[in-house]
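In what follows, a structure is listed as structure tokens, so that the remarks can point back to it.
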Amino acid sequence: MIHFILGTRAQLIKTAPLMVECRKRMLPYRFIYLAQHKATIYEMLKAFGIRKPHIVLGDCGTDISKSSTLLGWMVRVLYQGLKHSRKLFPDGSDGIAVVHGDALPALLGAILARIAGLKVAHVEAGLRSFNYLHPFPEELIRVMLWKMGLVDIYFCPNEWALGNVKEYRGEKHNTLHNTLLDSLRLALNGSGSTVQELGIPEEKYALVSIHRFETISRQDKMEEVIDIIVRMSKRISVVFVLHPPTKVALESHGFLDRLSSEPRIHLRPRYKYHDFVNILYRSEFVVTDGGSNQEECYYLGHPCLLLRHATERIEGLGKNVIISKFDPVIIN
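Just so you know, this note's numbering puts 353 at position 239 of the sequence shown, and the rest follows in order with no gaps.
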């Protein structure tokens with residue numbers, strides 16, 4: 115039995131093609147959801163044609179969008195997972211648990227699966243920025259997964275990533291590309307929303323998506339990002355997609371009113387994935403701190419300015435992706 119253990123929108127987006135393929139091949143699987151993200155999850159499942167989770171752990175009724183609630187959510191996930199271990203893995207130690215990427219649910223899922231005696235497969239393994247603070251805590255989570263011996267099978271998206279896990283025990287496989295490529299194909303074939311329905315300008319626009327903890331948790335860093343976006347809006351319309359944690363940060367730092375007063379900045383709530391891909395595809399370029407957005411831009415051939423000091427991905431670097439390092443010369 116295959117057990118997919120996920121907990122964020124990004125993990126679901128990039129693992130959805132695997133569950134779709136399991137269904138096509140009539141391979142039995144279980145979907146265990148550690149609810150770090152709650153909003154729009156069930157709409158996303160419907161869009162990808164995936165059934166609801168067999169079991170949900172750590173459900174607080176909403177997204178975990180503040181660091182103050184993160185610890186409580188982690189304790190809840192581990193407590194519920196250990197208490198209901200037999201319900202979680204009814205076949206005992208028979209099977210494989212699949213975790214994805216570098217968000218906390220990957221670490222928590224691997225721990226629960228390992229305690230239950232299951233083998234653990236890590237999808238999107240081998241990515242490294244080699245800087246524990248950029249991105250934080252994702253870089254730390256990745257290394258903990260491997261150094262703690264929680265992973266038995268590594269699915270790496272390229273030869274470079276494969277080389278980064280050679281020192282660790284277990285099977286290693288180069289999948290040549292990330293599953294995000296399959297997610298993009300599914301999304302581009304499934305979004306028929308019009309410009310009016312999406313709420314985006316008919317003229318040319320840039321797309322902005324900011325959500326990483328190391329960006330939104332610091333007021334000085336957020337102010338730097340806002341200055342970049344406002345300056346950019348003098349040249350081109352901007353669609354700024356607000357992730358729930360980003361909106362909370364903008365409100366707490368007092369920046370939301372400033373953005374709302376700019377006539378060429380269009381603030382939009384987080385979209386369903388299929389619609390977001392449609393918006394990205396229509397944009398002139400993308401400004402983001404997201405590694406997945408970097409990769410999406412690479413696959414679509416879109417220019418991308420990455421508002422980070424370092425990235426764990428090699429896709430697009432030196433081609434259509436530029437790391438800003440928050441250097442004004444590079445940004446301008």
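For each residue, glycine too, the CB sits at the ideal point set by N, CA and C.
Item                                                                                                                          : Value
Option nearest L381 by Cα separation, candidates H416, I340 and H423                                                          : I340
Given G209 as reference, the closest of V234, R242 and Y319 once Cα atoms are compared                                        : V234
Burial state of M262 (16 or more Cβ within 10 Å)                                                                              : exposed
Contact check, L126 vs L159, beta carbons under 9 angstroms                                                                   : yes
F354, DSSP secondary structure in three states                                                                                : strand
Cβ-Cβ distance between F145 and L185 below 9 angstroms                                                                        : no
Complete alpha helix (DSSP H) runs within the region 345-394 (minimum length 4 residues, chain order)                         : 358-367 and 370-374
C-alpha distance - L431 paired with L300, whole-angstrom precision                                                            : 25 angstroms
C-beta contact flag for D403 and L414 at 9 angstroms                                                                          : no
Rounded straight-line distance, which links the Cα of G368 to that of H325                                                    : 17 angstroms
Residues that V213 bridges to, as DSSP identifies them                                                                        : H236
Buried versus exposed call for I229 [16 or more other C-beta atoms within 10 Å across all chains shown]                       : exposed
Contact the region 344-360 vs the region 256-273: 3+ CB pairs below 8 angstroms                                               : no
Within 9 angstroms, strictly: CB atoms of V362 and K152                                                                       : no
Residues of its chain near T329, where Cβ-Cβ distance is below 6 angstroms and the 5 sequence neighbours each way are ignored : K335 and D403
Beta carbon of G206 nearer than 9 angstroms to that of G231                                                                   : yes
Option in I155, F162, N303 and D216 with minimal Cα separation from D177                                                      : I155
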